[in-house]
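*Asks:* Okay, handing you the structure first.
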Amino acid sequence: MARRPDAVSELRRGALELALLAFLDRGPSFSGAILDGLAEATNGGMALTEGALYPALGRLEKNGMLEPEWRKEVEGRRARKYYSLTDEGKERLVQLSKAWAELADGMQKLIGGED
Amino acid sequence: MELDAYLKQVRKGMRGVAKRHKNAFVDEVAAGAEYRGVVPTEDPRALGRAMRQVHGISMWLRMFFWITAFPLGLLSVPFIEAWYPAFPATLFLMLATVWVLLAAYYGGRISGLITGISAALPRIIGLILFSLGLDLVNSIFSGYQVTGGILFGVFLTSAMLPLLGWLAGGRIRRPE
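If you're matching them up, the sequences are chains L and V in order. Here the first sequence is numbered in this note's numbering, starting from 1 and rising by one per residue. Here the second sequence is numbered in this note's numbering, starting from 1001 and rising by one per residue.
Now the structure itself:
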């Protein structure tokens, strides 16, 4: 039987698309750098595994949010697949950021007991 | 695990995916591992399967499912038993059902639906032909009486195939 993911994992999963779009809005990047950079930028809050990252990147690319580009930067090293936001990806980022802000604001009020 | 062995397992997990997607992904994982200096800890086959969910199976494999379903459906037409009483049409119906489920599992909703239609088509054609000439059939093959109930059963099982493909294809849990 498949193990049910815990609530924290579920929260991360829900924020994954937004996190990736927001990270790539800073500039094009590739999988290895995204894994390290995202964990660092979120103080470990979005420390991903390859199993979560690659399918998420694949889906975003397939849905036209990301534009891939293979770059061979260093001779003797493997080419890296850089992802950058498309116009559609930028629009989606704006939408998700707005929804996130509203959600976070509401939840903060709820958790903090504000009226 | 060594990187090469890891990538080999990823490829196995991506069985059925178009080669260009498979090669591109393996190159991406290899470049990521090279940058980070470690082989991913994720189960490689599970990673490959997750990517298969993203890309789906290749068009060739989809077509293979669609085309093969037709003869399976044809051999499952129960009226063949009018000519060959010992013919295992029910076995072929079961095989066709499994085939549709496989197509749905690997190819998703649309693939399951089309494979189901491909398997149902010869059954429906057989059904129409025998419905039109029911009296003639029953008079020729006295040992094999086709009743309205049998025809309805054939119609139901035939309609079930595309429906099953569609529903089963939608049940695949997409990776998060």
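Glycine included, C-beta positions come from ideal geometry on N, C-alpha and C. It should be emphasised that the depicted structure is a prediction, and the values quoted were computed from it without experimental measurement.
Counting C-beta neighbours from all protein chains within 10 Å, is the total for M1051 of chain V 16 or more, i.e. buried, or is it exposed?
*Replies:* The residue given as residue 1051 of chain V occupies position 51 in the second sequence. Buried: at least 16 other Cβ atoms inside 10 Å.
*Asks:* Name the DSSP bridge partner or partners of S983 of chain V?
*Replies:* As displayed, chain V neither begins before 1001 nor continues past 1176, which places residue 983 of chain V out of reach and without an answer.
*Asks:* Applying a beta-carbon distance threshold of less than 9 angstroms, which residues of chain L neighbour R1020 of chain V?
*Replies:* For the purposes of this step, residue 1020 of chain V is taken as the residue at position 20 of the second sequence. Result: empty, since nearest Cβ-Cβ is about 12 angstroms, beyond 9 angstroms.
*Asks:* Could you tell me which whole beta strand (DSSP E) segments of length 3 or greater appear in the stretch 56-104 of chain L?
*Replies:* 66-71 and 80-85
*Asks:* Which residues does DSSP pair with F30 of chain L in a beta bridge?
*Replies:* Position 30 of the first sequence holds residue 30 of chain L. For F30 of chain L, which the question treats as bridged, DSSP gives the partners L:Y82.
*Asks:* Find the residues of chain L that neighbour R1036 of chain V, judging by a C-beta separation of less than 8 angstroms, and give them in chain order.
*Replies:* Translated into the one-based positions of the second sequence, residue 1036 of chain V becomes position 36. One finds G32, L35 and D36 in chain L with Cβ atoms closer than 8 angstroms to the Cβ of R1036 of chain V, taken in chain order.
*Asks:* Mapping DSSP to helix, strand and coil, what is T42 of chain L?
*Replies:* Residue 42 of chain L sits at position 42 when you count from the first residue of the first sequence. Reduced to three states, the DSSP call for T42 of chain L is coil.
*Asks:* Distance check for G1108 of chain V and P1175 of chain V, CA to CA, integer angstroms please.
*Replies:* Numbered from its first residue, the second sequence carries residue 1175 of chain V at position 175. Numbered from its first residue, the second sequence carries residue 1108 of chain V at position 108. Interpretation of P1175 of chain V is limited by its pLDDT of 42, a score under 50 that renders its predicted location unreliable; the figure taken from the coordinates is listed afterwards. Computed Cα separation, rounded: 13 angstroms.
*Asks:* Of all Cβ atoms in chain V, is any one closer than 9 angstroms to the Cβ of G58 of chain L?
*Replies:* Residue 58 of chain L sits at position 58 when you count from the first residue of the first sequence. Interface residue, yes.
*Asks:* Give the secondary structure of E1028 of chain V by DSSP, where H, G and I count as helix, E and B as strand, and everything else as coil.
*Replies:* Within the second sequence, the letter at position 28 stands for residue 1028 of chain V. Here E1028 of chain V sits in helix by DSSP.
*Asks:* Taking DSSP as the reference, what is the three-state secondary structure of L1136 of chain V?
*Replies:* Numbered from 1 along the second sequence, position 136 holds the residue referred to as residue 1136 of chain V. Looking at L1136 of chain V - three-state DSSP - the assignment turns out to be helix.
*Asks:* Take the Cβ of V1146 of chain V as the centre, count every other Cβ of all protein chains shown within 10 Å, and call the residue buried at 16 or more, exposed below.
*Replies:* Indexing the second sequence from 1 puts residue 1146 of chain V at position 146. The residue is buried, with at least 16 neighbouring Cβ atoms inside 10 Å.
*Asks:* Find the nearest neighbour of G1037 of chain V within the set L:G64, L:A39 and L:A33, judged by alpha-carbon distance.
*Replies:* One-based indexing of the second sequence puts residue 1037 of chain V at position 37. Here the closest residue by C-alpha is L:A33.
*Asks:* Taking T86 of chain L and G64 of chain L to be in contact with their CB atoms under 8 angstroms, please state how far apart those CB atoms are, rounded to whole angstroms.
*Replies:* The count along the first sequence starts at 1 and reaches residue 86 of chain L at position 86. The count along the first sequence starts at 1 and reaches residue 64 of chain L at position 64. The Cβ separation is near 6 angstroms, so the contact holds.
*Asks:* If you compare alpha carbons, which of V:A1096, V:Q1053, V:L1151 and V:P1044 is closest to I1067 of chain V?
*Replies:* Within the second sequence, residue 1067 of chain V is the residue found at index 67, counting from 1. For the residues V:A1096, V:Q1053, V:L1151 and V:P1044, the minimum Cα distance to I1067 of chain V belongs to V:A1096.
*Asks:* So the candidates are V:L1136, V:F1079, V:Y1105 and V:G1169; which of them puts its Cα closest to the Cα of F1152 of chain V?
*Replies:* In the second sequence, residue 1152 of chain V corresponds to position 152, counting from 1. The shortest C-alpha separation from F1152 of chain V is found at V:F1079.
*Asks:* Within the same chain, show all residues whose beta-carbon is closer than 8 angstroms to that of E10 of chain L, passing over the 5 residues directly before and after it, in chain order.
*Replies:* Locating residue 10 of chain L in the first sequence gives position 10, counting from the first residue. Taken in chain order, the list of residues that qualify is empty.
*Asks:* Look up I1057 of chain V in the DSSP assignment and say whether it is helix, strand or coil.
*Replies:* Along the second sequence, read from residue 1 onward, the residue named residue 1057 of chain V stands at position 57. Coil at I1057 of chain V, not helix or strand.
*Asks:* With H, G and I counted as helix, E and B as strand and the rest as coil, what does DSSP make of E1081 of chain V?
*Replies:* Within the second sequence, numbered from 1, the residue matching residue 1081 of chain V stands at position 81. In the structure shown, E1081 of chain V sits in a helix (DSSP, three-state: H, G or I).
*Asks:* Using the beta-carbon of each residue, which ones in chain L are nearer than 7 angstroms to E1028 of chain V?
*Replies:* Taking the first residue of the second sequence as 1, we reach residue 1028 of chain V at position 28. Identification of chain L residues near E1028 of chain V by a Cβ-Cβ cut-off of 7 angstroms yields S31 and K81, ordered along the chain.
*Asks:* Tell me where the alpha helix (DSSP H) around T1157 of chain V begins and ends.
*Replies:* The residue labelled residue 1157 of chain V in the question sits at position 157 within the second sequence. It spans G1148 to G1170 - the alpha helix (DSSP H) in which T1157 of chain V sits, taken as one unbroken run.
*Asks:* By how many angstroms is the C-alpha of M1014 of chain V removed from the C-alpha of A1005 of chain V?
*Replies:* Numbered from its first residue, the second sequence carries residue 1005 of chain V at position 5. Numbered from its first residue, the second sequence carries residue 1014 of chain V at position 14. Their backbone Cα atoms lie some 14 angstroms apart in a straight line.
*Asks:* Report the three-state DSSP secondary structure of G1016 of chain V (helix, strand or coil).
*Replies:* Numbered from its first residue, the second sequence carries residue 1016 of chain V at position 16. Coil at G1016 of chain V, not helix or strand.
*Asks:* Span of the alpha helix (DSSP H) holding S9 of chain L?
*Replies:* For the purposes of this step, residue 9 of chain L is taken as the residue at position 9 of the first sequence. S9 of chain L -> alpha helix (DSSP H) spans A7 to L24.
*Asks:* Does the beta-carbon distance from L1167 of chain V to G1133 of chain V come in below 9 angstroms?
*Replies:* Within the second sequence, numbered from 1, the residue matching residue 1167 of chain V stands at position 167. Within the second sequence, numbered from 1, the residue matching residue 1133 of chain V stands at position 133. Taking 9 angstroms as the Cβ cut-off, L1167 of chain V and G1133 of chain V do not qualify as a contacting pair.
*Asks:* Return helix, strand or coil for L35 of chain L, following the three-state DSSP convention.
*Replies:* On the first sequence, residue 35 of chain L is found 35 positions in, with the first residue counted as 1. The answer is helix: DSSP assigns L35 of chain L an H, G or I state.
*Asks:* For chain V, find out if any of its Cβ atoms is closer than 9 angstroms to the Cβ of T49 of chain L; answer yes or no.
*Replies:* Counting from 1 along the first sequence, the entry for residue 49 of chain L is found at position 49. At least one chain V Cβ lies under 9 angstroms of T49 of chain L.
*Asks:* Spell out whether any CB of chain L is found under 9 angstroms from the CB atom of G1032 of chain V.
*Replies:* What you label residue 1032 of chain V is simply residue 32 of the second sequence in a count that begins at 1. Chain L contact via Cβ: present.
*Asks:* Are L21 of chain L and R80 of chain L touching if we call contact CB-CB under 9 angstroms?
*Replies:* Numbered from 1 along the first sequence, position 21 holds the residue referred to as residue 21 of chain L. Numbered from 1 along the first sequence, position 80 holds the residue referred to as residue 80 of chain L. Their beta carbons are not under 9 angstroms apart, which means L21 of chain L does not touch R80 of chain L by this criterion.
*Asks:* Going along the chain, which residues of the stretch 82-114 of chain L sit with their C-beta nearer than 8 angstroms to a C-beta in chain V?
*Replies:* Flagged: no residues at all.
*Asks:* Which residue's Cα is closest to the Cα of P1162 of chain V: V:I1140, V:S1139, V:E1042 and V:F1065?
*Replies:* Working through the second sequence from its first residue, we reach residue 1162 of chain V at position 162. Per the Cα distances, V:F1065.
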